[in-house]
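The structure appears right after this line, and notes come after that.
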Amino acid sequence: MPHVLQTYQSDNVIKNELLLTSVIACLSKLVRTLCNYLTPYLPDIIKRTCTLLTHPSSINDQRLRTMWSHIALHVPHRLLFPILYDVIDKNEFQLNDLESLMTLLKQSLSIATLDDLSNNYSLLKQLFLKLFTLRTIHTKKMQPNKMNIYEDYIFDCFSELVMRLSEETFRPLFYTIYEWAIYNEPPSEYTLTFYRLTFILSKKLKGLFTLFAGHIIQHSSNILNQLNSSKTDEISNEFKINFRKKYVEENKTELINGILGTISNLCLFDSVGFINDERFQLLMMPIVDQLENFTSNDDYSQWIQQNVSPCIVNLTSATKEEPLWRQIHYQILLKTRSNLSKVRLATLNVLQELSRKLGMNYQSLLPEAIPFMAELMEDPNDEVEKTCHRIIIDMESTLGESLQDYFNN
């Protein structure tokens, strides 16, 4: 085995196709048949295979990927999990190796029994907490959107673990991650990682995520207010978000997007009344006020369309109480009186999406919208005026009646 491993780790193996094929075939056979006896050699096999899987000459080598699957499927969890933990804990990998490592761990988790997970629960928890710190470690030298790619590999693997845990087992794990990310003044990147994770989990777990998300609502509301550039008043806040100077605006945007995406999914998949009156009131203004956030950014309109608008619409439709509809609808309408034409334009598009979502139920809110629409039909900005006319036509199509009588009255 030392001789095989020495050959596998040599530089010559990449240059010699026949030699590489032979070594991989040998290791694959050993992993399949003698995996219980390979413990001393597995760390080096795993690290070397990671390197080869990202090497330009072998990145698409199916033989390597087959052997990778053999390791995941044949090496017992009691051996594999501690080895992966050591590799990650000691940072014996490059960021480019992360996709391969997470593929290996995810495939291994997919066949783990409840006993396997229970016996390795503490180890897996520490492993993922260590992985969740990668954004903080690399924040100075990597743009947030590029770091997202690597983090998504981790989240995909963690989701596999979550889907195999019971509610009783996942709840304390989720609370541990929340406390790690929020309390004792952690780096703000921890909070960003946490809300990007909750966004992924809210998509995977759908309505089940409402069982665990109750305690993040107040904190989410708090952060949305704190990171809103239009709010100049000093906000009392025990959870200060202070990103490092490099990429500070990008990090703020990513954090807000994670929160908005999480809340949007919670509302979209809510079938048990998770969004009650209290939570609605907590979330309403911090979310609606995002219409006046990041207004100096070039991609403001796109950001509103992709992140803010769906969240507002889903929050509104999550409740069936008309008084709450009226409250949020009026607050949206007030944004049409902003001094910035881009805010008025974005608000109109939100109103259009809201009317489409509510359908015939929007009719009860229409009388309140008419005065604001009338003002916008004479807006000094041509684009706002044209958009308003277009949206009125769209509303008429949705409601199945002409709105002209409302304006005449």
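Mapping of the sequence shown onto the UniProt record's numbering: position 28 corresponds to residue 28, and the numbering continues sequentially without gaps.
For glycine and all other residues, C-beta sits at the position ideal for the given N, C-alpha and C.
As the structure is a computational prediction, the values presented were derived from the model and not from experiment.
>> Tell me which residues share the same chain as Cys388 and place their Cβ nearer than 8 angstroms to its Cβ, disregarding the 5 neighbours each side in the sequence.
In response: Position 388 of the sequence shown, counted from the first residue, corresponds to residue 388. Contacts found: Leu348, Met373, Leu376, Met377, Asp379.
> If you run the structure through DSSP and keep just helix, strand and coil, what is Lys146?
Replying inline: Numbered from its first residue, the sequence shown carries residue 146 at position 146. Correct three-state label for Lys146: helix.
> Of all the alpha helix (DSSP H) runs that stay within the bounds of the stretch 37-110, which reach a length of 4 or more residues?
Replying inline: 42-53, 62-74, 77-89, 98-110
> Given that a residue counts as buried once 16 or more other Cβ atoms are within 10 Å of its Cβ, and exposed if not, what is Asp382?
Replying inline: Taking the first residue of the sequence shown as position 1, residue 382 is located at position 382. Flag for Asp382 reads exposed.
> From Trp180 to Gln290, what does the alpha carbon distance come to, in whole angstroms?
Replying inline: Here the question's residue 180 lines up with position 180 in the sequence shown. Here the question's residue 290 lines up with position 290 in the sequence shown. Going by the C-alpha atoms only, they are around 27 angstroms apart.
> Which runs of the beta strand (DSSP E) spanning at least 3 residues fall entirely within the stretch 147-222, listed in chain order?
Replying inline: Qualifying beta strand (DSSP E) stretches: none in this window.
> To the nearest whole angstrom, what separates the beta carbons of Thr54 and Asn12, a pair I think is in contact under 8 angstroms?
Replying inline: Here residue 54 refers to the residue found at position 54 of the sequence shown. Here residue 12 refers to the residue found at position 12 of the sequence shown. In fact, because the Cβ distance is near 19 angstroms, the residues do not count as touching under 8 angstroms.
> Is the beta carbon of Ile328 sitting closer than 7 angstroms to the one on Cys311?
Replying inline: In the sequence shown, counting from the first residue as 1, residue 328 sits at position 328. In the sequence shown, counting from the first residue as 1, residue 311 sits at position 311. No; because the gap between Cβ atoms is not below 7 angstroms, this pair is not in contact.
> Considering only the beta carbon of each residue, do Phe199 and Gly258 sit closer than 7 angstroms?
Replying inline: Residue 199 sits at position 199 when you count from the first residue of the sequence shown. Residue 258 sits at position 258 when you count from the first residue of the sequence shown. Contact flag set, yes.
>> Output needed for Met102: all residues of its chain with C-beta closer than 7 angstroms, excluding positions within five of it in sequence on either side, in chain order.
In response: Position 102 of the sequence shown, counted from the start, is the residue given in the question as residue 102. Same-chain partners within the cutoff: Tyr153, Ile154, Asp156, Cys157.
> Of the choices Leu30, Tyr41, Thr21, Asn36, whose alpha-carbon is the least far from that of Gln6?
Replying inline: By one-based count along the sequence shown, residue 6 stands at place 6. It is Tyr41 whose Cα lies nearest to the Cα of Gln6.
> Is Thr319 buried or exposed, if buried means 16 or more other CB atoms sit within 10 Å of its CB?
Replying inline: Here residue 319 refers to the residue found at position 319 when the sequence shown is read from its first residue. Its Cβ being crowded by 16 or more others within 10 Å, Thr319 is buried.
> Pick from Ser110, Asn36, Val162, Leu201: whose alpha carbon is nearest that of Asn265?
Replying inline: As a working mapping, residue 265 is identified with position 265 in the sequence shown. The option with the nearest alpha carbon to Asn265 is Leu201.
> Who are the near neighbours of residue 411 in its chain, counting only those whose CB is closer than 7 angstroms to its CB and skipping five residues on each side?
Replying inline: In the structure displayed, the chain extends from 1 to 409; residue 411 sits before or after that span and is not available.
> Residues in its own chain within less than 6 angstroms of Leu324 by CB, not counting five upstream and five downstream?
Replying inline: Locating residue 324 in the sequence shown gives position 324, where the first residue counts as 1. Only Phe280 meet the Cβ criterion.
> What do you reckon, are the CB atoms on Ser301 and Ala346 nearer than 7 angstroms?
Replying inline: Indexing the sequence shown from 1 puts residue 301 at position 301. Indexing the sequence shown from 1 puts residue 346 at position 346. Against a cut-off of 7 angstroms, the Cβ pair of Ala346 and Ser301 comes out as a contact.
>> Quick test of your reading: Leu260 and Asn307, contact by CB under 8 angstroms. State the CB separation rounded to the nearest angstrom.
In response: Mapped onto the sequence shown, residue 260 falls at position 260. Mapped onto the sequence shown, residue 307 falls at position 307. At roughly 5 angstroms, the Cβ-Cβ gap stays under 8 angstroms, so Leu260 and Asn307 are in contact.
> Which residues mark the beginning and the end of the alpha helix (DSSP H) in which Ile256 is found?
Replying inline: What you label residue 256 is simply residue 256 of the sequence shown in a count that begins at 1. That run of the alpha helix (DSSP H) goes 248-268.
> By a C-beta neighbour count over all protein chains shown, 10 Å radius and 16 as the cutoff for buried, is Ile59 buried or exposed?
Replying inline: Walking along the sequence shown from the start, residue 59 turns up at place 59. Counting Cβ neighbours within 10 Å, Ile59 comes out exposed, since fewer than 16 surround it.
>> Spatial neighbours of Glu396 within its chain, please: C-beta separation below 8 angstroms, excluding the five flanking residues on both sides.
In response: The sequence position of residue 396 within the sequence shown is 396, counting from 1. Answer for Glu396: Ser402, Leu403, listed in chain order.
> Which class does Ala374 belong to by DSSP, given the choice of helix, strand or coil?
Replying inline: By one-based count along the sequence shown, residue 374 stands at place 374. Looking at Ala374 - three-state DSSP - the assignment turns out to be helix.
> Would the beta-carbon of Ile24 fall within 7 angstroms of that of Arg48?
Replying inline: On the sequence shown, residue 24 is found 24 positions in, with the first residue counted as 1. On the sequence shown, residue 48 is found 48 positions in, with the first residue counted as 1. For Ile24 and Arg48, no; Cβs fall outside 7 angstroms.
> From Ser100 to Phe294, what does the alpha carbon distance come to, in whole angstroms?
Replying inline: As a working note, residue 100 is residue 100 in the sequence shown. As a working note, residue 294 is residue 294 in the sequence shown. Between Ser100 and Phe294, the C-alpha separation is close to 37 angstroms.
> Skipping 5 residues on each side, what residues in its chain have a beta carbon closer than 8 angstroms to that of Ile88?
Replying inline: Working through the sequence shown from its first residue, we reach residue 88 at position 88. Closer than 8 angstroms at Cβ, skipping near neighbours: Leu101, Leu127, Lys130, Leu131.
> Is Ile217 near Leu282, with beta carbons less than 7 angstroms apart?
Replying inline: Position 217 of the sequence shown, counting from 1, holds the residue named residue 217. Position 282 of the sequence shown, counting from 1, holds the residue named residue 282. Yes; because the gap between Cβ atoms is below 7 angstroms, this pair is in contact.
> Of all the options Leu255, Leu80, Glu292, which has the alpha carbon lying nearest to the alpha carbon of Leu119?
Replying inline: Locating residue 119 in the sequence shown gives position 119, counting from the first residue. The sequence given here has Asn at residue 119, not Leu. For Asn119, the nearest C-alpha among the options comes from Leu80.
>> Tell me the rounded alpha-carbon separation between Arg196 and Asn145.
In response: Counted from its first residue, the sequence shown places residue 196 at position 196. Counted from its first residue, the sequence shown places residue 145 at position 145. Cα to Cα, the separation comes out at about 12 angstroms.
> Beta carbon of Ser296, beta carbon of Glu353: below 7 angstroms?
Replying inline: Reading the sequence shown from its first residue, position 296 is the one you call residue 296. Reading the sequence shown from its first residue, position 353 is the one you call residue 353. No.
>> Comparing C-alpha positions only, which one of Ser271, Leu255, Leu18 sits nearest to Ile241?
In response: Position 241 of the sequence shown holds residue 241. Closest option to Ile241, judged by alpha-carbon separation, among Ser271, Leu255, Leu18: Leu255.
> Which residues in the same chain have their Cβ closer than 7 angstroms to the Cβ of Lys106, if we skip the five residues on either side of it in sequence?
Replying inline: The count along the sequence shown starts at 1 and reaches residue 106 at position 106. Within the same chain, Lys106 has close Cβ partners Asp156, Cys157, Glu160.
>> Beta-carbon within less than 6 angstroms of Ser271's beta-carbon, same chain only, minus the 5 sequence neighbours each way: which residues are those?
In response: Numbered from 1 along the sequence shown, position 271 holds the residue referred to as residue 271. Here the set comprises Gly207.
> Hey, would you say Cys35 sits closer than 7 angstroms to Val75, going by beta carbons?
Replying inline: For the purposes of this step, residue 35 is taken as the residue at position 35 of the sequence shown. For the purposes of this step, residue 75 is taken as the residue at position 75 of the sequence shown. Result yes, Cβ atoms of Cys35 and Val75 sit closer than 7 angstroms.
> Is Phe243 near Ser188, with beta carbons less than 7 angstroms apart?
Replying inline: Translated into the one-based positions of the sequence shown, residue 243 becomes position 243. Translated into the one-based positions of the sequence shown, residue 188 becomes position 188. It is a contact, given that the beta carbons lie within the stated cut-off.
>> Quick check on DSSP: helix, strand or coil for Asp379?
In response: Counting from one through the sequence shown, the residue named residue 379 turns up at place 379. DSSP places Asp379 in coil when its eight states are reduced to three.
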